[in-house]
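Remarks on the structure that follows.
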Ligand SMILES: [Zn+2]
């Protein structure tokens with residue numbers, strides 16, 4: 012299966028009719044947050060495949076060019092605290108960033124994120140019973156603590172994601188939020204059974220589900 016993962020920045024080649032030539036062989040699109048809903052909707056319109064996504068810390072009500080005010084991307088699947096089976100992959104999502112402003116949406120303390128994981132856990136346990144595994148891919152916006160994260164509070168990763176990988180063993184954790192400015196910055200790290208990938212601003216992932 013071929014996955015196009017995107018985050019944080021609109022890419023011209025994707026936001027144009029070229030997308031059909033460049034990404035016509037993709038099976039699934041995964042948005043890791045902080046993307047305009049109109050961008051996700053465009054992709055969902057142009058490619059006949061599922062587009063799943065989570066929120067970033069900057070995703071609030073968005074004003075569309077036709078005057079609509081929207082809180083979600085139409086035709087796309089929002090995976091906040093949810094798990095689904097699509098294209099043969101079990102996917103769950105936990106968006107948002109570390110809390111750095113009180114009362115802001117899509118920001119969480121580590122203990123609030125632990126609570127969200129606890130709320131998601133029964134769905135992952137149901138996956139384990141039904142499919143023999145908790146999940147294949149966890150979509151987040153922020154990275155885990157100590158992996159591709161930053162020094163300042165907004166860019167600090169979640170410790171609770173390390174615990175998540177320890178217990179639920181996803182094949183991939185895909186995140187954004189950490190902008191890459193240098194080509195040699197590490198953007199893929201193995202942690203236990205999981206490959207943690209910073210997808211900023213876009214990344215193609217070929218996943219052989221038989222492995
Ligand atoms: Zn962000």
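In the numbering used here, the protein residues as written are 12 to 222. All C-beta atoms, glycine included, are put in the ideal place defined by N, C-alpha and C.
- For residue 186, the pairing in a beta bridge is given by DSSP as 209.
- Residue pairing by DSSP places residue 169 opposite 155 in a beta bridge.
- A straight line joining the alpha-carbon of residue 159 with that of residue 63 spans about 23 Å.
- Assignment of beta-bridge partners to residue 91 by DSSP yields 104.
- Under the DSSP assignment, residue 16 falls in the beta strand (DSSP E) whose first and last residues are 13 to 17.
- Distances from the CB of residue 168 to the heavy atoms of ligand 1 are all 6 Å or more.
- Residue nearest to residue 88 within the set 128, 31 and 66 is 66 (criterion: CA-CA distance).
- The alpha helix (DSSP H) runs lying completely inside the stretch 36 to 77 and spanning 4 residues or more are 48 to 57, given in chain order.
- Counted as a single uninterrupted DSSP element, the stretch harbouring residue 142 is not any beta strand (DSSP E) but the alpha helix (DSSP H) occupying residues 121 to 142.
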